[in-house]
Amino acid sequence: MISNDWRFWLGLAITVLLLMLLVYQVDLGEVRDAVGQANYVYVVPAIALYFVAVFFRALRWRYLLSPMRLLPVSRLYPVVVIGYMANNLLPARLGELVRAYYLARREHLNTSATLATVAVERVYDGLTLLAFAAVAAPVLLALGRFDGASDASRTIWIVVAGLTIVLFLGALTFLTALAGFPRFLELVQWWTGLVPSRFRPKVQQLIHTFVQGLSILSSPQKHLGLFLLSVPVWLFEGATYFLIGNSFGIDQLFDSVWVWALVVLLVTATSNLATSVPAAIGGIGPFEVVAQQTLLALGVDASLGAAYAAFVHLVALWLPVNLAGLALVWKQNLSLRQLVGAGRAQAQEAAAGPLGHGISPAPPAKEELP
4 MISNDWRFWL GLAITVLLLM LLVYQVDLGE VRDAVGQANY VYVVPAIALY FVAVFFRALR
64 WRYLLSPMRL LPVSRLYPVV VIGYMANNLL PARLGELVRA YYLARREHLN TSATLATVAV
124 ERVYDGLTLL AFAAVAAPVL LALGRFDGAS DASRTIWIVV AGLTIVLFLG ALTFLTALAG
184 FPRFLELVQW WTGLVPSRFR PKVQQLIHTF VQGLSILSSP QKHLGLFLLS VPVWLFEGAT
244 YFLIGNSFGI DQLFDSVWVW ALVVLLVTAT SNLATSVPAA IGGIGPFEVV AQQTLLALGV
304 DASLGAAYAA FVHLVALWLP VNLAGLALVW KQNLSLRQLV GAGRAQAQEA AAGPLGHGIS
364 PAPPAKEELP
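Going by this note's numbering, the sequence shown opens with residue 4, and the numbers climb by one from there.
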(Lines of atoms letter the chains of each structure in order from A; the text may use other names.)
(Lines give C-alpha, C1' and ligand atoms only; values in the text may rest on other atoms or scores of the structure.)
Protein backbone atom coordinates (compact mmCIF):
# COMPACT_ATOMS: atom_id res chain seq x y z
CA MET A 4 0.00 0.00 0.00
CA ILE A 5 2.82 2.40 0.92
CA SER A 6 5.92 1.03 -0.78
CA ASN A 7 4.61 2.04 -4.24
CA ASP A 8 3.30 5.45 -3.15
CA TRP A 9 5.57 8.28 -4.32
CA ARG A 10 4.15 10.53 -1.61
CA PHE A 11 5.48 8.16 1.04
CA TRP A 12 8.99 8.25 -0.41
CA LEU A 13 8.88 12.03 -0.87
CA GLY A 14 7.74 12.48 2.73
CA LEU A 15 10.40 10.09 3.96
CA ALA A 16 13.08 11.97 2.02
CA ILE A 17 11.98 15.31 3.51
CA THR A 18 12.00 13.82 7.01
CA VAL A 19 15.47 12.34 6.59
CA LEU A 20 16.93 15.54 5.09
CA LEU A 21 15.55 17.77 7.84
CA LEU A 22 16.65 15.41 10.60
CA MET A 23 20.14 15.33 9.06
CA LEU A 24 20.10 19.15 9.10
CA LEU A 25 19.09 19.07 12.76
CA VAL A 26 21.82 16.58 13.67
CA TYR A 27 24.41 18.70 11.82
CA GLN A 28 23.61 21.68 14.08
CA VAL A 29 23.88 19.92 17.43
CA ASP A 30 26.31 18.02 19.62
CA LEU A 31 24.89 14.51 19.93
CA GLY A 32 26.66 14.03 23.24
CA GLU A 33 24.90 17.08 24.64
CA VAL A 34 21.59 15.83 23.26
CA ARG A 35 22.15 12.50 25.00
CA ASP A 36 23.01 14.26 28.26
CA ALA A 37 19.87 16.43 28.05
CA VAL A 38 17.67 13.37 27.57
CA GLY A 39 19.47 11.48 30.35
CA GLN A 40 19.20 14.32 32.86
CA ALA A 41 15.53 15.15 32.20
CA ASN A 42 13.00 14.82 35.03
CA TYR A 43 10.43 12.40 33.65
CA VAL A 44 7.91 12.91 36.43
CA TYR A 45 6.13 15.40 34.16
CA VAL A 46 5.77 13.08 31.16
CA VAL A 47 2.63 11.17 32.17
CA PRO A 48 0.57 14.28 33.08
CA ALA A 49 1.88 15.95 29.89
CA ILE A 50 0.57 13.06 27.78
CA ALA A 51 -2.73 13.14 29.69
CA LEU A 52 -3.12 16.83 28.84
CA TYR A 53 -2.59 16.01 25.17
CA PHE A 54 -5.53 13.60 25.27
CA VAL A 55 -7.61 16.35 26.91
CA ALA A 56 -6.74 18.43 23.84
CA VAL A 57 -8.02 15.56 21.69
CA PHE A 58 -11.29 15.69 23.65
CA PHE A 59 -11.68 19.35 22.69
CA ARG A 60 -10.94 18.41 19.07
CA ALA A 61 -13.85 15.96 19.23
CA LEU A 62 -16.05 18.64 20.84
CA ARG A 63 -15.17 21.11 18.08
CA TRP A 64 -15.86 18.48 15.41
CA ARG A 65 -19.27 17.85 16.98
CA TYR A 66 -20.01 21.56 16.53
CA LEU A 67 -18.88 21.45 12.89
CA LEU A 68 -20.99 18.39 12.16
CA SER A 69 -24.08 19.66 14.01
CA PRO A 70 -25.85 21.01 10.87
CA MET A 71 -25.78 17.46 9.49
CA ARG A 72 -26.30 15.53 12.71
CA LEU A 73 -25.67 16.11 16.41
CA LEU A 74 -23.34 13.31 17.47
CA PRO A 75 -22.11 12.58 21.00
CA VAL A 76 -18.47 13.33 21.71
CA SER A 77 -18.06 9.76 22.94
CA ARG A 78 -18.59 8.51 19.37
CA LEU A 79 -16.38 11.13 17.77
CA TYR A 80 -13.41 10.82 20.15
CA PRO A 81 -12.19 7.40 18.94
CA VAL A 82 -12.63 8.48 15.31
CA VAL A 83 -10.43 11.51 15.95
CA VAL A 84 -7.78 9.31 17.59
CA ILE A 85 -7.80 6.87 14.66
CA GLY A 86 -7.57 9.76 12.20
CA TYR A 87 -4.59 11.32 13.96
CA MET A 88 -2.89 7.96 14.17
CA ALA A 89 -3.37 7.51 10.43
CA ASN A 90 -2.05 11.05 9.82
CA ASN A 91 1.11 10.15 11.71
CA LEU A 92 1.72 6.91 9.83
CA LEU A 93 0.60 7.73 6.30
CA PRO A 94 1.85 10.23 3.71
CA ALA A 95 0.13 13.43 2.56
CA ARG A 96 -2.27 13.58 5.53
CA LEU A 97 -4.27 10.60 4.33
CA GLY A 98 -5.50 10.33 7.89
CA GLU A 99 -7.95 13.12 7.09
CA LEU A 100 -9.50 10.95 4.38
CA VAL A 101 -9.50 7.97 6.74
CA ARG A 102 -11.29 9.98 9.43
CA ALA A 103 -13.88 11.41 7.04
CA TYR A 104 -14.57 8.04 5.43
CA TYR A 105 -14.74 6.14 8.72
CA LEU A 106 -17.18 8.59 10.31
CA ALA A 107 -19.30 8.84 7.16
CA ARG A 108 -19.69 5.08 6.95
CA ARG A 109 -20.19 4.63 10.65
CA GLU A 110 -22.82 7.37 11.02
CA HIS A 111 -24.31 7.32 7.47
CA LEU A 112 -23.16 10.85 6.66
CA ASN A 113 -21.95 12.32 3.41
CA THR A 114 -18.23 11.69 2.98
CA SER A 115 -17.55 14.86 1.01
CA ALA A 116 -19.43 17.03 3.52
CA THR A 117 -17.60 15.34 6.39
CA LEU A 118 -14.28 16.02 4.68
CA ALA A 119 -15.29 19.69 4.39
CA THR A 120 -15.63 19.90 8.17
CA VAL A 121 -12.09 18.51 8.48
CA ALA A 122 -10.85 21.21 6.09
CA VAL A 123 -12.48 23.87 8.28
CA GLU A 124 -10.75 22.35 11.31
CA ARG A 125 -7.37 22.67 9.67
CA VAL A 126 -7.98 26.31 8.77
CA TYR A 127 -9.06 27.20 12.30
CA ASP A 128 -6.09 25.33 13.73
CA GLY A 129 -3.85 27.56 11.64
CA LEU A 130 -5.68 30.75 12.61
CA THR A 131 -5.56 29.87 16.31
CA LEU A 132 -1.84 29.16 16.14
CA LEU A 133 -1.30 32.45 14.32
CA ALA A 134 -3.23 34.18 17.12
CA PHE A 135 -0.93 32.53 19.68
CA ALA A 136 2.12 33.77 17.77
CA ALA A 137 0.61 37.25 17.46
CA VAL A 138 0.22 37.39 21.26
CA ALA A 139 3.58 35.86 22.23
CA ALA A 140 6.07 37.16 19.65
CA PRO A 141 5.59 40.95 20.18
CA VAL A 142 5.85 40.60 23.98
CA LEU A 143 8.98 38.45 23.75
CA LEU A 144 10.43 40.92 21.26
CA ALA A 145 9.71 43.83 23.62
CA LEU A 146 11.40 41.91 26.44
CA GLY A 147 14.52 41.55 24.31
CA ARG A 148 14.27 37.78 24.01
CA PHE A 149 15.09 37.84 20.30
CA ASP A 150 18.25 39.92 20.71
CA GLY A 151 20.41 36.89 19.93
CA ALA A 152 18.79 36.38 16.53
CA SER A 153 20.49 37.84 13.47
CA ASP A 154 18.81 40.43 11.25
CA ALA A 155 18.64 37.86 8.42
CA SER A 156 16.96 35.36 10.74
CA ARG A 157 14.38 37.93 11.82
CA THR A 158 13.65 38.79 8.19
CA ILE A 159 13.09 35.14 7.33
CA TRP A 160 10.69 34.73 10.27
CA ILE A 161 8.73 37.84 9.23
CA VAL A 162 8.44 36.68 5.60
CA VAL A 163 7.34 33.18 6.62
CA ALA A 164 4.82 34.61 9.09
CA GLY A 165 3.38 36.90 6.41
CA LEU A 166 3.01 34.07 3.90
CA THR A 167 1.38 31.84 6.52
CA ILE A 168 -1.13 34.53 7.44
CA VAL A 169 -2.02 35.03 3.78
CA LEU A 170 -2.40 31.26 3.30
CA PHE A 171 -4.79 30.66 6.19
CA LEU A 172 -6.82 33.84 5.80
CA GLY A 173 -7.13 33.09 2.09
CA ALA A 174 -8.35 29.57 2.83
CA LEU A 175 -10.88 30.86 5.36
CA THR A 176 -12.14 33.50 2.92
CA PHE A 177 -12.51 30.91 0.15
CA LEU A 178 -14.42 28.43 2.34
CA THR A 179 -16.64 31.14 3.79
CA ALA A 180 -17.44 32.44 0.30
CA LEU A 181 -18.36 28.93 -0.80
CA ALA A 182 -20.66 28.55 2.20
CA GLY A 183 -22.32 31.97 2.17
CA PHE A 184 -22.33 33.37 -1.36
CA PRO A 185 -24.28 31.38 -3.99
CA ARG A 186 -22.76 33.39 -6.83
CA PHE A 187 -19.26 32.43 -5.75
CA LEU A 188 -20.32 28.78 -5.72
CA GLU A 189 -21.75 29.23 -9.22
CA LEU A 190 -18.40 30.67 -10.32
CA VAL A 191 -16.56 27.65 -8.90
CA GLN A 192 -19.03 25.33 -10.60
CA TRP A 193 -18.47 27.21 -13.88
CA TRP A 194 -14.76 26.47 -13.68
CA THR A 195 -15.60 22.77 -13.67
CA GLY A 196 -16.27 23.26 -17.37
CA LEU A 197 -12.53 22.67 -17.76
CA VAL A 198 -13.00 19.13 -16.46
CA PRO A 199 -13.56 16.41 -19.13
CA SER A 200 -17.28 15.99 -19.74
CA ARG A 201 -17.48 12.41 -18.49
CA PHE A 202 -16.18 13.44 -15.06
CA ARG A 203 -17.93 16.81 -14.86
CA PRO A 204 -21.27 15.76 -13.28
CA LYS A 205 -19.53 13.88 -10.47
CA VAL A 206 -17.11 16.75 -9.81
CA GLN A 207 -19.96 19.26 -9.68
CA GLN A 208 -21.95 17.06 -7.34
CA LEU A 209 -18.86 16.52 -5.20
CA ILE A 210 -18.43 20.29 -4.86
CA HIS A 211 -22.12 20.65 -3.98
CA THR A 212 -21.96 18.06 -1.19
CA PHE A 213 -18.64 19.47 0.03
CA VAL A 214 -20.30 22.86 0.46
CA GLN A 215 -22.98 21.23 2.62
CA GLY A 216 -20.26 20.53 5.17
CA LEU A 217 -19.37 24.23 5.27
CA SER A 218 -22.76 25.40 6.51
CA ILE A 219 -21.31 26.09 9.96
CA LEU A 220 -19.52 29.08 8.37
CA SER A 221 -22.77 30.84 7.61
CA SER A 222 -22.55 33.56 10.26
CA PRO A 223 -19.97 35.60 12.22
CA GLN A 224 -21.28 34.12 15.47
CA LYS A 225 -20.50 30.61 14.27
CA HIS A 226 -17.02 31.70 13.19
CA LEU A 227 -16.48 33.06 16.70
CA GLY A 228 -17.78 29.81 18.20
CA LEU A 229 -15.29 27.82 16.13
CA PHE A 230 -12.42 30.02 17.23
CA LEU A 231 -13.42 29.78 20.90
CA LEU A 232 -13.58 25.99 20.61
CA SER A 233 -10.17 25.94 18.92
CA VAL A 234 -8.41 27.86 21.70
CA PRO A 235 -8.63 25.11 24.39
CA VAL A 236 -7.47 22.53 21.83
CA TRP A 237 -4.14 24.33 21.51
CA LEU A 238 -3.93 25.57 25.10
CA PHE A 239 -4.06 21.99 26.37
CA GLU A 240 -1.61 20.80 23.73
CA GLY A 241 0.60 23.75 24.67
CA ALA A 242 0.38 22.62 28.29
CA THR A 243 2.00 19.37 27.14
CA TYR A 244 4.89 21.38 25.69
CA PHE A 245 5.07 23.37 28.93
CA LEU A 246 5.44 20.32 31.18
CA ILE A 247 7.95 18.59 28.92
CA GLY A 248 9.96 21.82 28.90
CA ASN A 249 9.95 21.69 32.69
CA SER A 250 11.26 18.13 32.45
CA PHE A 251 14.24 19.39 30.46
CA GLY A 252 14.75 22.42 32.71
CA ILE A 253 14.16 24.91 29.90
CA ASP A 254 11.78 26.88 32.12
CA GLN A 255 14.76 27.77 34.33
CA LEU A 256 16.32 29.73 31.46
CA PHE A 257 13.60 32.39 31.61
CA ASP A 258 12.84 35.06 34.20
CA SER A 259 9.37 33.95 35.16
CA VAL A 260 6.72 31.35 34.50
CA TRP A 261 4.83 33.92 32.41
CA VAL A 262 7.76 34.46 30.06
CA TRP A 263 8.16 30.70 29.78
CA ALA A 264 4.43 30.39 29.01
CA LEU A 265 4.80 32.91 26.17
CA VAL A 266 7.77 30.95 24.83
CA VAL A 267 5.65 27.78 24.88
CA LEU A 268 2.83 29.56 23.03
CA LEU A 269 5.27 30.63 20.33
CA VAL A 270 6.92 27.20 20.02
CA THR A 271 3.49 25.54 19.88
CA ALA A 272 2.49 27.91 17.08
CA THR A 273 5.63 27.74 14.95
CA SER A 274 6.23 24.00 15.22
CA ASN A 275 2.66 23.08 14.33
CA LEU A 276 2.35 25.64 11.55
CA ALA A 277 5.48 24.03 10.07
CA THR A 278 3.64 20.70 9.87
CA SER A 279 0.48 22.15 8.31
CA VAL A 280 1.86 21.48 4.81
CA PRO A 281 1.43 17.75 4.14
CA ALA A 282 5.04 16.94 3.29
CA ALA A 283 6.96 14.92 5.87
CA ILE A 284 5.21 11.84 7.30
CA GLY A 285 3.77 12.62 10.72
CA GLY A 286 5.41 16.04 10.59
CA ILE A 287 8.69 14.44 11.69
CA GLY A 288 11.50 16.71 10.63
CA PRO A 289 9.71 20.05 10.08
CA PHE A 290 8.39 20.01 13.67
CA GLU A 291 11.77 19.32 15.25
CA VAL A 292 13.72 21.79 13.11
CA VAL A 293 11.28 24.69 13.54
CA ALA A 294 10.76 24.11 17.27
CA GLN A 295 14.53 23.98 17.80
CA GLN A 296 15.14 27.08 15.69
CA THR A 297 12.43 28.98 17.58
CA LEU A 298 14.06 28.11 20.91
CA LEU A 299 17.49 28.94 19.50
CA ALA A 300 16.26 32.42 18.52
CA LEU A 301 15.10 32.85 22.12
CA GLY A 302 18.50 31.95 23.56
CA VAL A 303 18.11 28.22 24.25
CA ASP A 304 21.13 26.04 23.46
CA ALA A 305 20.83 24.27 20.10
CA SER A 306 21.41 20.77 21.49
CA LEU A 307 18.99 21.24 24.41
CA GLY A 308 16.36 22.65 22.06
CA ALA A 309 16.77 19.71 19.68
CA ALA A 310 16.48 17.16 22.49
CA TYR A 311 13.35 18.87 23.80
CA ALA A 312 11.75 19.21 20.36
CA ALA A 313 12.35 15.56 19.46
CA PHE A 314 11.11 14.33 22.84
CA VAL A 315 7.93 16.41 22.94
CA HIS A 316 7.04 15.44 19.37
CA LEU A 317 7.91 11.76 19.30
CA VAL A 318 7.32 10.68 22.91
CA ALA A 319 4.54 12.99 24.09
CA LEU A 320 2.56 13.63 20.88
CA TRP A 321 3.40 11.04 18.22
CA LEU A 322 3.75 7.74 20.06
CA PRO A 323 0.79 7.87 22.52
CA VAL A 324 -1.88 8.73 19.93
CA ASN A 325 -0.45 6.12 17.56
CA LEU A 326 -0.64 3.41 20.21
CA ALA A 327 -4.15 4.49 21.18
CA GLY A 328 -5.25 4.57 17.53
CA LEU A 329 -3.79 1.15 16.75
CA ALA A 330 -5.46 -0.24 19.89
CA LEU A 331 -8.82 1.12 18.72
CA VAL A 332 -8.27 -0.30 15.23
CA TRP A 333 -7.49 -3.69 16.76
CA LYS A 334 -10.36 -3.53 19.28
CA GLN A 335 -12.91 -2.73 16.58
CA ASN A 336 -11.41 -5.35 14.23
CA LEU A 337 -10.70 -2.74 11.58
CA SER A 338 -8.14 -2.92 8.80
CA LEU A 339 -6.07 0.26 8.42
CA ARG A 340 -5.16 -0.80 4.89
CA GLN A 341 -8.83 -1.12 4.01
CA LEU A 342 -9.73 2.21 5.63
CA VAL A 343 -7.02 3.99 3.66
CA GLY A 344 -8.00 2.40 0.34
CA ALA A 345 -11.69 3.00 0.91
CA GLY A 346 -11.03 6.55 2.09
CA ARG A 347 -9.28 7.33 -1.19
CA ALA A 348 -12.12 5.82 -3.19
CA GLN A 349 -14.77 7.63 -1.15
CA ALA A 350 -13.07 10.97 -1.69
CA GLN A 351 -13.57 10.46 -5.42
CA GLU A 352 -16.99 8.81 -5.38
CA ALA A 353 -18.67 10.44 -2.38
CA ALA A 354 -21.36 12.07 -4.47
CA ALA A 355 -22.34 9.06 -6.51
CA GLY A 356 -23.75 6.66 -3.94
CA PRO A 357 -27.28 5.29 -4.04
CA LEU A 358 -27.90 5.49 -0.29
CA GLY A 359 -29.19 9.05 -0.40
CA HIS A 360 -26.28 10.24 1.71
CA GLY A 361 -23.63 10.40 -0.98
CA ILE A 362 -22.01 7.18 0.28
CA SER A 363 -21.45 4.40 -2.18
CA PRO A 364 -21.58 0.78 -1.05
CA ALA A 365 -18.41 -0.06 0.82
CA PRO A 366 -16.07 -2.77 -0.37
CA PRO A 367 -16.20 -6.12 1.41
CA ALA A 368 -15.08 -5.54 4.97
CA LYS A 369 -13.58 -7.57 7.72
CA GLU A 370 -16.26 -6.31 10.02
CA GLU A 371 -19.34 -4.20 10.41
CA LEU A 372 -18.30 -0.81 11.72
CA PRO A 373 -19.96 -0.17 15.06
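Built from N, CA and C at the ideal position, the CB exists for glycine as well.
Please read all numbers here as calculations on a predicted model, not as lab measurements.
For the alpha helix (DSSP H) that contains W12, what are its first and last residues?
9–28
Measure from the alpha carbon of Q28 to the alpha carbon of each residue in L320, L217, Q296, then state which is nearest.
Q296
On the three-state DSSP scale, how would you describe R108?
helix
Cβ shell of A49 (< 7 Å), same chain only, five flanking positions each side left out
T243, L246, I247, A319
From L20 to Q224, what distance separates their C-alpha atoms?
44 Å
Does the beta-carbon distance from A122 to A310 come in below 8 Å?
no
DSSP on S338, reduced to helix/strand/coil?
coil
Same chain only: Cβ atoms within 8 Å of F58, ignoring 5 sequence neighbours per side:
V76, Y80
I think N325 touches N91, with their Cβ atoms under 8 Å apart; what is that distance to the nearest whole Å?
5 Å
Quick check: is the beta carbon of G302 nearer than 8 Å to any beta carbon in chain D?
In the displayed structure, chain D is absent; only one protein chain is listed.
Where does D128 sit, in a helix, a strand or coil, going by DSSP?
In the displayed model, D128 falls within a helix according to three-state DSSP.
Extent of the continuous alpha helix (DSSP H) to which S250 belongs:
223–250
In the DSSP assignment, find the alpha helix (DSSP H) that holds D36 and state where it starts and stops.
If you look at D36, you'll find it in the alpha helix (DSSP H) that goes 31–40.
Assign N275 to buried or exposed, taking buried as 16 or more other Cβ atoms, counted over all protein chains shown, within 10 Å of its Cβ.
buried
CA-CA distance, V162 and P204?
Approximately 41 Å between the Cα atoms of the pair.
L52: first and last residue of the uninterrupted alpha helix (DSSP H) it sits in
46–68
Less than 8 Å between the beta carbons of V423 and L181, yes or no?
Within the shown structure, residues of the chain are numbered from 4 to 373, placing residue 423 beyond reach of any answer.
Three or more C-beta pairs under 8 Å: does that hold for the stretch 56–75 against the stretch 284–291?
no
Could you check what DSSP says for M88 in three-state terms: helix, strand or coil?
Here M88 sits in helix by DSSP.
Where does S218 sit, in a helix, a strand or coil, going by DSSP?
helix
W64, buried or exposed, once every other Cβ within 10 Å from all chains shown has been counted against 16
buried
From which residue to which residue does the alpha helix (DSSP H) around L190 run?
Counting along the chain, the alpha helix (DSSP H) containing L190 begins and ends at 185–194.
For Y87, does the count of other Cβ atoms within 10 angstroms reach 16, so buried, or fall short, so exposed?
The residue in question, Y87, is buried, as its Cβ has 16 or more Cβ neighbours within 10 Å.
Just to confirm the assignment: which complete alpha helix (DSSP H) runs, minimum length 4, are found wholly within the stretch 272–307?
289–300
With 16 as the cutoff for other CB atoms within 10 Å, does P199 come out buried or exposed?
exposed
Inter-residue spacing [alpha-carbon to alpha-carbon] between Y104 and G147:
48 Å
Proximity to T195 [Cα-Cα], best of F187, R186, V206, A89
V206
Excluding the 5 residues preceding and the 5 following L73 in the sequence, name in chain order all residues of the same chain whose CB lies nearer than 8 Å to its CB.
R65
Grouping DSSP H, G and I as helix and E and B as strand, with all else coil, what is L93?
coil
Would you decide whether A16 is buried or exposed? Buried here means 16 or more other CB atoms lie within 10 Å of its CB.
exposed
State the Cα-Cα distance for the pair F251 and L133, rounded to the nearest angstrom.
Taking the straight line joining both Cα atoms gives about 26 Å.
Return the CA-CA distance between V142 and R125, expressed in angstroms with no decimal places.
26 Å
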